[in-house]
Every structure is written in structure tokens, then in C-alpha cells.
Amino acid sequence: MNPQTETQQVRVLFGPGLRESVASEVRRLGASRVLVLATPQQCDAASEIAGRLGSLAAGVFCKAAMHTPVEITKLALDHVRETNTDCLIAIGGGSTTGLGKAIAWHTDLPQIVIPTTYAGSEATPILGQTENGIKTTLSDPKVLPEVILYDPELVVSLPVAMTVTSALNAMAHAAEALYAKDRTPETDALARKGLEALVGGLPAVLKNPGHLAAREATQRGAWACGTVLGRVGMALHHKLCHTLGGSFDLPHAETHAVILPHAIAYNARAAAAELQPVCDLLGGSNAGTALHRFARSMNAPLALRDLGLNESDLDEAAELATTKPYPNPQPVTRGDIRALLQAVWAGDPPIE
Ligand code: NAD
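The sequence shown begins at 393 in the numbering used here and counts up by one.
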């Protein structure tokens, strides 16, 4: 275990109605010309924020897209220059946060993020970008937002299916943090806290998506999971998801949801003790099988074939996922990963 811990100052606030305080957060940063970012689907939410900012708003840019395409970042940078923007507000999921981080990477502008999913990108210094269909990832403290406002009222509109897959996406960061080579007692504690908050809060959220206290609990979980994602190295699960998302264009949160039980069962062969907190929370003696049962009980997708992957792509996926493997507790072999992918493709229970 790594004895060192590094932290950076980020202002993180939780509470219903927090978006109403955006103007004071902007003034706190000493800024006065804010560009509000969103996806086309959440442009109304961005306009609402711009309305709250009044004369502090410099514009709204609603072209954020999955995996941060550089051509969109270029358009946004033109807009930043034309409007003399001195602060960014990203309202949305990981796609919008990614656009804000990409602009900040080029300009060092301060960022306020208002997350509306559980992906956790707002809590990491990691930026993934795509150019000509190739995804690259960098880590730079410059891209870490200055302020995060978790307003549970804004997650109420997240559809139930996306709530489940996005929560499993967050849980994946924490599960892999538990066996990360560079984990610390602090990252272990954060990972456990994140898992507990999501597992504890999700049933109430699914019963009543408007339950603000439960939504806030899940957002606290997402923050903890995102924070550990930024602090330690990820392993097989994230490698598989990056490969499938990047090379086969599979949807981000859904891919995390279907892969997670299988990747964790694979690594439980070498890291059962490290994964014990997952069993403590979900029951059973194998963390991967426990996650599979949990995902099924939440009606999460369980099969890669349901996400549009062809069975004929599995050989190439196994090849790509094992070419430059991330450090992993259980040795990664092409044959083992091919078998794992076959099981996930079919929606079978994980191989213990
Ligand atoms: P997303 O941001 O792509 O959102 C999916 C869709 O849901 C979008 O159309 C969005 O507008 C909509 N949406 C989001 N919140 C909503 C809400 N509350 N109500 C209604 N609609 C809503 O999805 P995501 O899973 O949050 O993010 C995925 C992206 O984030 C990927 O590109 C992934 O690589 C990136 N990511 C990066 C990191 C990092 O640390 N760099 C971490 C996690 C994810």
C-alpha cells in the first residue's frame, strides 16, 4: 500500500437548490463572464443557469458530446475567445464535464461543475479526448474543477435506467480502487464510503426518483468514487471499458455496468481480501458474483450483446484489451479475457 496521500483544494458543496447560488460562486472566483456548457439534451438546464447568472453570463454552449471530441473543444475555444469568457460552468454528466476540462486544459480558466449523473469526472484531474476516433487520456491538475455543486434536484430527471448504470459506473471506480497498487488507507476509506453511500441510497432512489435525501446520499457516493478514481490507478475493469467504448463505440455507463461483476470476479481470484468490503456490503463470498446479483436486482443491463456488440467482435476486443494491459492483481491472459468477454456478451453469471 502506498503511504503517501496528495490532495488539492476543491470547493465541494451538497444540497437541494444549490444551483441558485451560482452567481455568488462566480463572484467568489472573481469572475464576471461565464460560459455555461451542456449537451444539446440539457440546453434548457444551461439556459436556466445563464438566467440565474444575469449579467455575469457570457453565453451558453450546448454541443458537449461523449468522449470529448477535439473538434467540439475547438469550436468551444473559439466561443470562449469571442465572448471573452473568464469562467466556465459545466452542467451535466461526464460528457459536459469533459468539455469544461478540455477548455480549462487549453486556457486554465476556472470551472464550476454542476454534475447531473454519478460518473464522477468532476472529482478527477483526468481528461479523456477523442480525435479521429482515437481516445487518449491525460492527467493534469489544471483540469480539476475549482468548485463542484451537487444539487440533488438536478439528478431527479436522470432516467431510472441511467441512474442504475451511472451508479454502477461510480461503484466501478471504488471497487478497482480497493485493489489498486498505489492505494492508501485514505483511498480505501473513500472507496468504502462511496460504495456504502451508493448501495445504501439506490433502493430509495429507485422507489422514488424524487427522494432528495436519497439522491444526495448517492451524489456523496459518486463524489467519493470519483475522488478515488483520480487518486489511484485503475485496472482490468477500466481497461476493458475503455477498449469497448473507444473501439466499438459502446455507451459509457452501460458498458461499465455490464463489465463490472465479471472484471471483479476475475480479480477476486487474486484480491479476495481487498474486495471483502464489497462482500460485506452486498453479501456472499465472491465480490463479482455479489455485484452481479446486485446489478440484476436493480434491473441493470447484464449482457454486452444487448449493448450492440457483435459476437464476432469478441476476438478483436480480447486482443485489444490485452495488448497493453493496465497493472492488474490477477495476471491478464488473452484466453482468460476472451472467456470473460464471452460470458459478459451472453449475460452469463461471472466466472469465479
Ligand atoms: P453523459 O454525460 O454522456 O450523459 C448521457 C446523457 O444523459 C446525455 O445526453 C446527457 O445530457 C443526459 N443527462 C445527464 N444528466 C441528466 C439528467 N440529470 N437528466 C436528464 N438527462 C441527463 O454520461 P456520463 O456517463 O455521465 O458521462 C460519460 C462520459 O464521461 C464519457 O465520455 C466518459 O469517458 C467520461 N468520464 C470521464 C471521467 C474522468 O475522470 N475523466 C470519469 C467518468 C466518466
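Here a beta-carbon is modelled for each residue, glycine too, at the ideal position from N, C-alpha and C.
Secondary structure at V548: coil, using DSSP grouped into helix, strand and coil. Here DSSP, grouped into helix, strand and coil, assigns C479 to strand. T714 has no beta-bridge partner at all, per DSSP.
The alpha-carbon of F453 is positioned some 36 Å away from that of D705. Under DSSP, Q521 shares a beta bridge with T528.
Taking 8 Å as the cut-off, the Cβ atoms of L519 and L530 count as close. Rounded to the nearest angstrom, the Cβ distance from K585 to A616 is 5 Å, consistent with a contact under 8 Å. One Cα belongs to A663, the other to H684, and the distance between them is close to 17 Å. By the C-beta criterion, the stretch 670–679 is judged not to be in contact with the stretch 711–718, since fewer than 3 inter-stretch pairs fall below 8 Å. In this structure, the straight-line span from the alpha carbon of A655 to that of P721 is close to 11 Å. When the five nearest sequence neighbours on each side are left out, the beta carbons in the same chain lying within less than 6 Å of the beta carbon of I504 are those of E417, I481 and V539, in order along the chain.
Shortest Cα-Cα distance from F640 to any of S558, D478, H498 and E703 involves E703.
Rounded to the nearest whole angstrom, the CA to CA distance from P693 to V547 is 20 Å. In the structure shown, the three-state DSSP call for A468 is helix.
DSSP places I495 in the uninterrupted alpha helix (DSSP H) bounded by G486 to T499. S424 and A468 have their C-alpha atoms spaced approximately 18 Å apart.
Nearest C-alpha to N600 among P517, E545 and R730: E545.
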